[in-house]
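Read through the structure below, which is laid out as structure tokens, and then see the notes.
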Amino acid sequence: MSINLSDLPAEDKYRVELDKQASYLVWKVKHSQGSELDISEQRSKLKTEQHVLWFDESVSKYRQMMNLG
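Numbering (full-length UniProt numbering), first residue to last: 1 to 69.
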């Protein structure tokens, strides 16, 4: 079974986008190409509490996956 992301509702598409942003920012921190400030700045740009929650969950997930504590 394949999933076409373009068929998802707008909120689900945005959640996928937030997850991608979180993974990239954590990757940059791990490889000394970014800082925790970059993550904080991206977080502060989010408009709703739900989006902040999703972003924080993703950041935590990727920190654990990349052994960043």
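For glycine and all other residues, C-beta sits at the position ideal for the given N, C-alpha and C. Source: prediction; values computed, not measured.
> Beta carbon of Ser58, beta carbon of Leu18: below 8 Å?
Replying inline: yes
>> If you measure between the beta carbons of Tyr62 and Val16, is that distance less than 8 Å?
In response: The answer is no: Cβ separation not under 8 Å.
>> If you follow the alpha helix (DSSP H) that His51 is in, where does it begin and where does it stop?
In response: 49-65
> Helix, strand or coil for Lys45 per DSSP?
Replying inline: coil
> Which residue from His51, Lys30, Ser40 puts its Cα closest to that of Gln64?
Replying inline: Lys30
> Could you give the residue range of the alpha helix (DSSP H) that holds Asp7?
Replying inline: Segment: none, Asp7 is in no alpha helix (DSSP H) and carries neither H nor E.
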